[in-house]
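**Student:**
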Amino acid sequence: MNNTFRALVMPALLFTTPAVAGPEPVPAGESLYRQHCEQCHGGTVAKAPPISLLQIMSPGSILRAMEQGVMQSQAAAMSAAERRTLAEHLTGQALAPGATTPPAPRCEGTRARFDFDAQPDTQGWGVTHDNRRYFDADITSLKAADLPGLTLRWAFAFPEAIRARSQPATAGGALYVGSQNGTVYALDQETGCIHWTFSTVAEVRTAIVVAPWHKGQEAHPLLYFGDLVGNVYAVDAVTGQQAWRDRPDDHPSLTLTAAPVLHGDRLYVPMSALEVTAAADPAYACCTFRGGVAAYDARSGEKLWVGYTIDQPPRVVGKNAVGTDRIAPSGAPIWGTPTIDPKRGVMYVGTGENYSSPANDTSDAILALSLEDGRIVWRQQMTAGDAWNMGCETEEKINCPPENGPDYDFGAATILATTSNGRDIVLAGQKSGEVFGLDPDDGGKILWRKKLGRGGIQGGVHFGMAVAGDTLYVPMSDFDGGPRWPGEAKPGMYAVDPGSGRVKGFTPAKDICAGREFCQPGISAPASAIPGAVVAGAMDGWLRAYDSESGRIIWEFDTAVRHETLGGGVATGGSIGGGAGPVFKDDMMFINSGYGIYFHMPGNVLLAFGRPDSAGEQKAGSD
Numbered sequence: 321m322n323n324t325f326r327a328l329v330m331p332a333l334l335f336t337t338p339a340v341a342g343p344e345p346v347p348a349g350e351s352l353y354r355q356h357c358e359q360c361h362g363g364t365v366a367k368a369p370p371i372s373l374l375q376i377m378s379p380g381s382i383l384r385a386m387e388q389g390v391m392q393s394q395a396a397a398m399s400a401a402e403r404r405t406l407a408e409h410l411t412g413q414a415l416a417p418g419a420t421t422p423p424a425p426r427c428e429g430t431r432a433r434f435d436f437d438a439q440p441d442t443q444g445w446g447v448t449h450d451n452r453r454y455f456d457a458d459i460t461s462l463k464a465a466d467l468p469g470l471t472l473r474w475a476f477a478f479p480e481a482i483r484a485r486s487q488p489a490t491a492g493g494a495l496y497v498g499s500q501n502g503t504v505y506a507l508d509q510e511t512g513c514i515h516w517t518f519s520t521v522a523e524v525r526t527a528i529v530v531a532p533w534h535k536g537q538e539a540h541p542l543l544y545f546g547d548l549v550g551n552v553y554a555v556d557a558v559t560g561q562q563a564w565r566d567r568p569d570d571h572p573s574l575t576l577t578a579a580p581v582l583h584g585d586r587l588y589v590p591m592s593a594l595e596v597t598a599a600a601d602p603a604y605a606c607c608t609f610r611g612g613v614a615a616y617d618a619r620s621g622e623k624l625w626v627g628y629t630i631d632q633p634p635r636v637v638g639k640n641a642v643g644t645d646r647i648a649p650s651g652a653p654i655w656g657t658p659t660i661d662p663k664r665g666v667m668y669v670g671t672g673e674n675y676s677s678p679a680n681d682t683s684d685a686i687l688a689l690s691l692e693d694g695r696i697v698w699r700q701q702m703t704a705g706d707a708w709n710m711g712c713e714t715e716e717k718i719n720c721p722p723e724n725g726p727d728y729d730f731g732a733a734t735i736l737a738t739t740s741n742g743r744d745i746v747l748a749g750q751k752s753g754e755v756f757g758l759d760p761d762d763g764g765k766i767l768w769r770k771k772l773g774r775g776g777i778q779g780g781v782h783f784g785m786a787v788a789g790d791t792l793y794v795p796m797s798d799f800d801g802g803p804r805w806p807g808e809a810k811p812g813m814y815a816v817d818p819g820s821g822r823v824k825g826f827t828p829a830k831d832i833c834a835g836r837e838f839c840q841p842g843i844s845a846p847a848s849a850i851p852g853a854v855v856a857g858a859m860d861g862w863l864r865a866y867d868s869e870s871g872r873i874i875w876e877f878d879t880a881v882r883h884e885t886l887g888g889g890v891a892t893g894g895s896i897g898g899g900a901g902p903v904f905k906d907d908m909m910f911i912n913s914g915y916g917i918y919f920h921m922p923g924n925v926l927l928a929f930g931r932p933d934s935a936g937e938q939k940a941g942s943d
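With this note's numbering applied, the sequence shown covers 321 to 943.
#1: What's the gap between the Cα of I696 and the Cα of L687?
#2: Is S690 helix, strand or coil when you go by DSSP?
#3: Which residue's Cα is closest to the Cα of W276: V530, D906 and G763?
#4: What is the rounded straight-line gap between the Cα of I735 and the Cα of H356?
#5: Can you tell which of T448, A748, R646 and D601 has the C-alpha that lies nearest to the C-alpha of G780?
#6: Just to confirm my understanding: we take W698, look at its own chain, exclude 5 residues before and 5 after, and list those with CB closer than 6 Å. What are they?
#7: Specify, as a first and last residue, the run of the alpha helix (DSSP H) that P379 falls within.
#8: By alpha-carbon positions, which one of A465, D435, H583 and Q443 ends up nearest to G930?
#9: Between which residues of its own chain and W708 is the CB-CB distance below 8 Å, once the five residues before and five after are set aside?
#10: Could you pull the DSSP bridge partners for H883 from this structure?
#11: With a threshold of 7 Å on Cβ separation, who are the neighbours of R403 within its own chain once the five nearest residues in sequence on each side are excluded?
#12: Please state whether the Cβ-Cβ distance between A948 and R586 is less than 8 Å.
#13: Express the C-alpha separation of E350 and E358 in angstroms, rounding to a whole number.
#14: On a Cα-Cα basis, can you pick out the residue from S573, P468 and N640 that is closest to M909?
#15: In the DSSP assignment, what are the bridge partners of P590?
#16: Could you tell me the boundaries of the alpha helix (DSSP H) in which G297 lies?
#17: Measuring only from the beta carbon, is G764 closer than 7 Å to any heavy atom that is part of the ligand MN?
#18: Starting from R403 and walking both ways along the alpha helix (DSSP H), at which residues does that stretch end?
#19: Go ahead and pull the three-state DSSP assignment for L548.
#20: Can you give me the C-alpha to C-alpha distance between D437 and A539, rounded to a whole angstrom?
#21: Is H920 buried or exposed, if buried means 16 or more other CB atoms sit within 10 Å of its CB?
#22: Where P760 and Q375 are concerned, what is the direct C-alpha to C-alpha distance, given to the nearest angstrom?
#23: By the DSSP assignment, the beta strand (DSSP E) with T644 in it spans what residues?
#24: Starting from the C-beta of C427, find all residues in its chain whose C-beta is less than 7 Å away, skip the five residues before and the five after it, and write them out in chain order.
#25: Helix, strand or coil, according to DSSP, for G492 in the structure here?
#26: Along the beta strand (DSSP E) that carries V697, what are the first and last residues, could you check?
#27: Which residues bound the beta strand (DSSP E) around E673?
#28: If I measure Cβ to Cβ from G773 and keep anything under 6 Å in the same chain, skipping five residues before and after, which residues do I get?
#29: Please specify which runs of the beta strand (DSSP E), each continuous and at least 3 residues long, are wholly inside the region 733–815, giving them in chain order.
Structure, rendered in structure tokens:
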């Protein structure tokens with residue numbers, strides 16, 4: 321197994337095999353897990369997160385769950401030292417000594433006040449409900465000509481973190497962002513001081529969504545987001561107090577990776593799962609999850625319906641080589657944020673592969689789901705017969721479906737755009753390295769398809785594209801993923817005509833990875849566009865701005881270095897990956913750096929850039 325595959329597989333394999341009798345003593349952490357945790361987290365309790373989810377949490381969040389949270393009663397029999405040992409054992413990370421208060425001051429004076437005149441001018445992860453990721457002149461004063469002069473205004477360190485995957489949101493003069501240790505921060509946009517913090521159950525990977533309000537109205541708008549173990553939250557944007565919380569599905573491997581969408585009085589929550597990882601264990605009955613979208617009353621938290629990507633529930637279809645049940649159909653998770661189309665009364669989502677065989681016709685597909693009840697209005701499958709899970713990357717391949725991949729899911733959100741002749745079109749990018757244009761009025765008929773990259777398990781179009789004017793910008797995350805994905809890797813930024821798929825330009829990724837461990841040149845994270853430029857962070861840690869017309873790099877900044885942070889602390893950047901792309905507001909730009917998972921460069925910093933001549937003179941935390 322190559323390094324990439326090993327990194328993907330190993331979290332699912334740790335602690336899942338039975339102990340073998342012998343002279344070697346069982347490590348203390350493993351013994352504690354078997355004694356106190358395995359009975360529930362080994363699969364016998366339906367709602368208990370599996371071990372594969374626990375292993376990618378931070379040790380601090382697991383410790384808090386045992387000492388103050390949902391696992392308090394279950395962990396009461398352990399001493400404080402044993403709880404620390406167990407948390408470190410499960411995550412493979414040491415707990416930070418002493419306090420974990422972030423190195424940033426609290427806001428004081430006028431900085432501590434919520435600005436009811438500063439309404440949110442974005443509608444979520446994709447900026448607008450069509451997910452074009454275009455920050456126009458009404459949102460930001462920055463244009464292409466301003467980018468070469470940007471300077472780092474402030475840096476914020478995420479404690480207990482090796483990755484930063486939550487895209488920030490701006491509203492009320494604040495910047496809202498989640499972290500790996502399960503903390504959501506409300507920071508002052510200009511200075512980075514802290515308004516308030518809110519603790520969740522687990523890592524916040526999704527973007528933050530802010531409900532709108534009328535200018536000057538002293539309302540209490542809500543923030544919406546999800547966590548790693550499948551909870552969706554509504555939190556007061558002014559006070560940081562929880563309004564409601566729910567888990568949209570009972571599956572133990574449920575996770576929320578993409579931002580919810582707020583449309584009218586409804587919140588739409590896309591659902592994904594890490595059951596694909598749990599399937600590496602031959603004793604795991606693979607698989608039972610089916611992706612979908614849950615609809616909520618946004619204010620009350622009442623769940624209205626769940627629309628699944630797989631029409632029928634799973635059933636036992638056989639046994640694997642060790643006698644464990646084989647269950648299907650399963651999979652088709654939704655990794656990306658839905659695209660809302662009010663004109664047609666639907667949302668568009670891209671799905672992932674099936675987890676077990678046989679594969680069905682809604683995996684690796686673009687689906688149109690009814691906004692009213694979640695039913696599938698139409699489907700257009702791009703890759704048939706893609707059934708795959710982490711069992712395929714083990715030597716025994718016991719839970720590997722006979723199809724064995726190629727794992728060409730849609731991780732990137734769809735985009736609803738308009739062509740130069742005024743025609744609506746749905747745009748989709750796949751891990752296969754292909755980009756598609758679909759007809760929303762003809763059952764998702766494929767109008768064009770274009771192969772741009774090699775594709776692979778983490779290659780192709782990974783987390784998001786952008787549209788500005790008559791150009792679709794396609795970040796390509798290609799790298800050498802092994803012989804399963806032949807062909808030349810073509811990482812970089814593509815410019816494509818959305819009406820025809822014609823390639824208008826290509827800027828190859830720079831290869832500056834010599835001497836940088838866990839470095840790849842590809843662009844995994846979503847791009848963001850502003851007037852005259854498109855900006856994207858790369859897996860090599862560099863943030864780059866490209867001229868919209870020529871594709872020339874007009875500004876770049878190395879985030880994968882040490883940064884002095886607010887309050888005198890230090891943070892380190894790393895690979896820029898996951899679903900968080902650059903965010904623009906007024907004369908500032910914000911970006912997370914750090915993607916310490918799957919053999920990428922770790923980091924724990926949020927960076928705020930601005931014009932040097934407009935930087936605030938007031939120190940963080942002051943009037």
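Note that beta-carbon positions come from the ideal geometry of N, C-alpha and C, so glycine has one too.
**Tutor:** With the structure as the only source:
#1: Here residue 696 corresponds to residue number 376 of the sequence shown, with the count starting at 1. Here residue 687 corresponds to residue number 367 of the sequence shown, with the count starting at 1. The straight-line gap from Cα to Cα measures roughly 7 Å.
#2: Start at 1 with the first residue of the sequence shown, and residue 690 comes out as number 370. Residue state, collapsed to three classes: strand.
#3: Absent from the model: residue 276. The displayed extent of the chain is 321 to 943, so no value can be given.
#4: In the sequence shown, residue 735 corresponds to position 415, counting from 1. In the sequence shown, residue 356 corresponds to position 36, counting from 1. So the alpha carbons of these two residues sit roughly 46 Å apart.
#5: Start at 1 with the first residue of the sequence shown, and residue 780 comes out as number 460. The shortest C-alpha separation from G780 is found at A748.
#6: By 1-based counting over the sequence shown, the position of residue 698 is 378. Correct list, in chain order: A688, G763 and G764.
#7: The residue labelled residue 379 in the question sits at position 59 within the sequence shown. Taken as a continuous stretch (DSSP letters only), the alpha helix (DSSP H) holding P379 covers P379 to E387.
#8: As a position in the sequence shown, residue 930 is number 610, starting the count at 1. It is A465 whose Cα lies nearest to the Cα of G930.
#9: In the sequence shown, residue 708 corresponds to position 388, counting from 1. Closer than 8 Å at Cβ, skipping near neighbours: V596, E673, N674, Y675, C720, P721, E723, N724, G725, P726 and D727.
#10: Counted from its first residue, the sequence shown places residue 883 at position 563. In DSSP, H883 forms a bridge with A891.
#11: Looking up residue 403 in the sequence shown gives position 83. Excluding sequence neighbours, R403 sits near L383, M386, E387 and A395.
#12: Within the shown structure, residues of the chain are numbered from 321 to 943, placing residue 948 beyond reach of any answer.
#13: The residue labelled residue 358 in the question sits at position 38 within the sequence shown. The residue labelled residue 350 in the question sits at position 30 within the sequence shown. Rounded to whole angstroms, E358 to E350 spans 10 Å at the Cα level.
#14: As a first step, residue 909 is located in the sequence shown; it is residue number 589 there, counting from the start. When each option's Cα is compared against that of M909, the closest is P468.
#15: Position 270 of the sequence shown, counting from 1, holds the residue named residue 590. DSSP output for P590 lists V613 as bridge partner(s).
#16: One cannot answer for residue 297 here, as it falls past the ends of the chain, which runs 321 to 943.
#17: In the structure on display, the ligand MN does not appear, and there are no ligands present to speak of.
#18: Along the sequence shown, one-based indexing puts residue 403 at 83. Run containing R403: A400 to T411, per the alpha helix (DSSP H) assignment.
#19: Position 228 of the sequence shown holds residue 548. Reduced to three states, the DSSP call for L548 is coil.
#20: For the purposes of this step, residue 437 is taken as residue 117 along the sequence shown, with counting starting at 1. For the purposes of this step, residue 539 is taken as residue 219 along the sequence shown, with counting starting at 1. Roughly 11 Å separates the two Cα atoms.
#21: The residue you call residue 920 lines up with position 600 of the sequence shown. Buried is the call here.
#22: Reading the sequence shown from its first residue, position 440 is the one you call residue 760. Reading the sequence shown from its first residue, position 55 is the one you call residue 375. When rounded, the distance between both Cα atoms is 41 Å.
#23: As a working note, residue 644 is residue 324 in the sequence shown. Run containing T644: none; DSSP gives neither H nor E here.
#24: Position 107 of the sequence shown, counted from the start, is the residue given in the question as residue 427. Same-chain partners within the cutoff: D508, C513, I514, H515 and G941.
#25: To locate residue 492, count along the sequence shown from 1; it is residue 172. In this structure, G492 counts as coil in the three-state DSSP scheme.
#26: Taking the first residue of the sequence shown as 1, we reach residue 697 at position 377. Where V697 is concerned, the enclosing beta strand (DSSP E) stretches over I696 to Q701.
#27: Here residue 673 corresponds to residue number 353 of the sequence shown, with the count starting at 1. Counting along the chain, E673 falls outside any beta strand (DSSP E), and DSSP gives it neither H nor E.
#28: Residue numbering aside, residue 773 sits at position 453 when the sequence shown is read from its first letter. Closer than 6 Å at Cβ, skipping near neighbours: G753, G780, M796, D798 and K810.
#29: 735–738, 744–749, 754–759, 765–771, 786–788 and 791–796
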